[in-house]
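Report on the structure given below.
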Amino acid sequence: MALIDRECVRQLLEAEDPDTALVFVRGECLVLTSGQIDDDHRPLVVARRRDLPESLSGDTVTGEQLDALANCLDNTARDLGE
Numbered sequence: 019m020a021l022i023d024r025e026c027v028r029q030l031l032e033a034e035d036p037d038t039a040l041v042f043v044r045g046e047c048l049v050l051t052s053g054q055i056d057d058d059h060r061p062l063v064v065a066r067r068r069d070l071p072e073s074l075s076g077d078t079v080t081g082e083q084l085d086a087l088a089n090c091l092d093n094t095a096r097d098l099g100e
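In this note's numbering, the protein residues as written are 19 to 100.
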C-alpha cells in the first residue's frame, strides 16, 4: 500500500510557495504551507516544492510522471519511519 499518492504529488507541484511541503502525519499524506508546519511536523517533511524539478510544473505533467514521483516520495516517506 502506497503512503504517497498521485493527488498529494499534484497538490505539491501546484503549490506556488516553494516552502510548501508534503508531510506524512499519522498515516496521512498532507500538503502544508510553511506557516502550517510546526516543530512537530518538521521531522515528518517528505519533500518541499523547491526540492522538486522545475520541469514538473504546469499543465504538462503526465500521469506517469506523477506516479513516478509519488513512488520516489513514497520511498522517502518509508525511510523517515526507520
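Glycine included, each C-beta is placed from N, C-alpha and C at the ideal position.
Which residues in the same chain as residue i place their Cβ atom closer than 7 Å to its Cβ, once the five residues preceding and following it in sequence are excluded?
i   : result
A33 : V49, R67
L31 : L70, L74, S75, V79
L91 : I22, V27, L40, V64, A65
In terms of alpha-carbon separation, which member of the options lies closest to residue i?
i   : options            : result
C26 : D97, V64, D35      : V64
I55 : D37, E46, G45, R96 : D37
G53 : R28, R96, D35      : D35
Would residue i pass as a contact of residue j if the rule is Cβ separation under 8 Å?
i   : j   : result
V41 : L62 : yes
H59 : V43 : yes
So, at 8 Å on beta carbons, what are the nonlocal neighbours of residue i in its own chain, with the 5 sequence-adjacent residues on each side left out?
i   : result
R24 : G81, L84, D85, A88
Distance, Cα to Cα, residue i vs residue j?
i   : j   : result
L21 : E72 : 23 Å
D97 : T51 : 22 Å
Go through its chain and collect everything with a Cβ distance to residue i's Cβ below 6 Å, but skip five positions before and after it.
i   : result
T94 : V64
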